[in-house]
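Q:
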Amino acid sequence: MRYIVIGAGAIGGTIGGRLAASGHEVVLVARGAHLDALRAKGLTLATPEGTSTLDIPAVAGPAELDLREDDVLLLATKTQDAEPLLTEWAWRPVRNGTVAADSLPVVCAQNGVASEPIALRRFRHVYGMCVWMPSTHLEPGAVEANGAPMTGLLHVGRYPSGTDPTADQIGADLAGSGFLAPVVADVMRWKYGKLLANLSNAIEAVCGHDAWLHATGLRRRVTAEGRAVLDAAGIAYARERESAELRADRVQILPVNGAERVGGSSWQSLTRGTGSIEADFLNGEIVLMARERGIPVPVNEVLQRLANQAARDRRAPGSATPDQVLALAALPADAG
2 MRYIVIGAGA IGGTIGGRLA ASGHEVVLVA RGAHLDALRA KGLTLATPEG TSTLDIPAVA
62 GPAELDLRED DVLLLATKTQ DAEPLLTEWA WRPVRNGTVA ADSLPVVCAQ NGVASEPIAL
122 RRFRHVYGMC VWMPSTHLEP GAVEANGAPM TGLLHVGRYP SGTDPTADQI GADLAGSGFL
182 APVVADVMRW KYGKLLANLS NAIEAVCGHD AWLHATGLRR RVTAEGRAVL DAAGIAYARE
242 RESAELRADR VQILPVNGAE RVGGSSWQSL TRGTGSIEAD FLNGEIVLMA RERGIPVPVN
302 EVLQRLANQA ARDRRAPGSA TPDQVLALAA LPADAG
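Using the working numbering, read the sequence shown as starting at 2 and increasing by one per residue.
#1: In three-state terms, what does DSSP make of alanine 321?
#2: Would arginine 338 be called buried (16 or more neighbouring beta carbons within 10 Å of its own) or exposed?
#3: So which of Ala328, Ala331, Val326, Ile12 has the shortest CA-CA distance to leucine 139?
#4: Can proline 166 and glutamine 253 be called in contact, C-beta distance under 9 Å?
#5: Suppose the cutoff is 8 Å on Cβ atoms and the five residues either side in sequence are ignored; what does the same chain contact list for isoleucine 57 look like?
#6: Would you mind listing the beta strand (DSSP E) stretches within the region 37 to 82 that are 3+ residues and don't spill past its ends, in chain order?
#7: Buried or exposed for proline 106, please, with buried defined as at least 16 other CB atoms from any protein chain shown within 10 angstroms of its CB.
#8: Leaving aside the five residues before and after leucine 329 along the sequence, list all residues of the same chain whose C-beta is less than 6 Å from its C-beta, in chain order.
#9: Just the C-alpha distance for glutamate 89 and arginine 69, rounded to the nearest angstrom, thanks.
#10: Among Ala41, Tyr128, Lys79, Gln305, which has the Cα closest to the Cα of glycine 227?
#11: Using CA coordinates, which residue listed in Arg248, Leu271, Ala143 is at the minimum distance from leucine 36?
#12: Taking all protein chains shown into account, decide if aspartate 314 is buried (16 or more other Cβ within 10 angstroms of its Cβ) or exposed.
#13: For valine 157, list the residues DSSP reports as bridge partners.
#14: Would you report the Cα separation of glutamate 246 and alanine 198, rounded to the nearest angstrom?
#15: Contact between the region 160 to 179 and the region 257 to 275: three or more CB pairs below 8 Å?
#16: Just reading off the alpha helix (DSSP H) that leucine 29 is part of, what are its end residues?
#17: Determine the extent of the alpha helix (DSSP H) in which valine 114 is found, giving its start and end residues.
#18: Cutting at 6 Å between CB atoms, please list the residues of its own chain near glycine 10, excluding the five before and the five after it.
#19: Which same chain residues end up closer than 6 Å to glycine 194 when comparing Cβ atoms and leaving out the 5 residues on each side of it in sequence?
#20: Indicate the three-state DSSP secondary structure (helix, strand or coil) for valine 6 in the structure shown.
Here you go:
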């Protein structure tokens, strides 16, 4: 298999770098200054074990590639960028006379649960990947991955459910490249569980990392709203303890180059000033399901709004306090 990693940021860069370092054929897809740096100097991958520079081919998009029947498209962008990219790649010709949408597998390695159905509108073979991997991308050409001794926990399975030989091969390639990579028939149950954990991403982005650490009441409240909505919808989700038991001492968060990891994916989006954030597909996913069922979720609504406003205005993390978030949600400061 050749892995075409669409979105070579924190997640895609780490997965692509680890696969390439283990001898797998990889192509990274990036844009702007990050693409320029990858082409000029290669990918710098820093881990608790040390820092390496990997010479991996990098392209801007499908027009620069001759797609093969053994290609795997691994989508690792933020979910808000998924639809145009999936459209761009879906109808490209493959050497065997088909188009990518009919013959190539696409793996959605993203937070949230929206990319898989978006992909299935176009691609026949869609796989979910539940990503638990502490990694960071703040500088062009460089990513950091803090997980050790395994780099991350990556559940893989067919969407909407099931497994097949392709999932087995992807899981085996990841396992041989330093990941804990269970192949599961219920990958979306794991992704819905991860969605609940990711509802706090907006707190870290809006309030800042230090405030997020101490905002236990706010984090508890946002998760409780999400859990109530999933329960009302009859959607199964993995509990955090299941993931924690799997990770145990196999995926520990350790310093890289002497520094602790500071912030998650949404925090990184505001820190880089990208102009967009994934809150519509995290908190917004809960808001959507809640509105369909007439369930109030004021904390998720406020966080979705504040995160999007901060991204639009390119504000750094820390533009509001946890108490201000609770006040906007019309809740007392000690709510939760």
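We put the beta carbon where it would ideally sit given N, CA and C, even for glycine.
A: With the given structure in hand:
#1: Three-state DSSP puts alanine 321 in coil, outside helix and strand.
#2: Nothing about residue 338 can be read from this structure; the chain reaches only from 2 to 337.
#3: When only C-alpha atoms are compared, the closest one is Ile12.
#4: The answer is no: Cβ separation not under 9 Å.
#5: Excluding positions up to five away in sequence, the list reads Gly17, Gly18, Ala21, Val27, Val28, Leu29, Leu39, Gly43, Leu44.
#6: Those beta strand (DSSP E) runs which fall completely within the region 37 to 82 and span 3+ residues are 44 to 48, 51 to 55, 72 to 76.
#7: Flag for proline 106 reads buried.
#8: The beta carbon of leucine 329 sits closer than 6 Å to those of Val303, all from its chain and outside the five residues before and after it, given in chain order.
#9: Taking the straight line joining both Cα atoms gives about 16 Å.
#10: For the residues Ala41, Tyr128, Lys79, Gln305, the minimum Cα distance to glycine 227 belongs to Gln305.
#11: Nearest of Arg248, Leu271, Ala143 to leucine 36, Cα basis: Ala143.
#12: Result: exposed.
#13: Checking the DSSP bridge columns, you'll see valine 157 partnered with Met130, Val184.
#14: The alpha-carbon atoms of glutamate 246 and alanine 198 are separated by roughly 15 Å.
#15: No, the region 160 to 179 does not touch the region 257 to 275.
#16: Counting along the chain, leucine 29 falls outside any alpha helix (DSSP H), though it belongs to the beta strand (DSSP E) covering 26 to 30.
#17: Run containing valine 114: none; DSSP gives neither H nor E here.
#18: Listed in chain order, the non-local C-beta contacts of glycine 10 below 6 Å within the same chain comprise His138, local neighbours out to five positions each way being set aside.
#19: Within the same chain, glycine 194 has close Cβ partners Tyr238, Ala239.
#20: DSSP places valine 6 in strand when its eight states are reduced to three.
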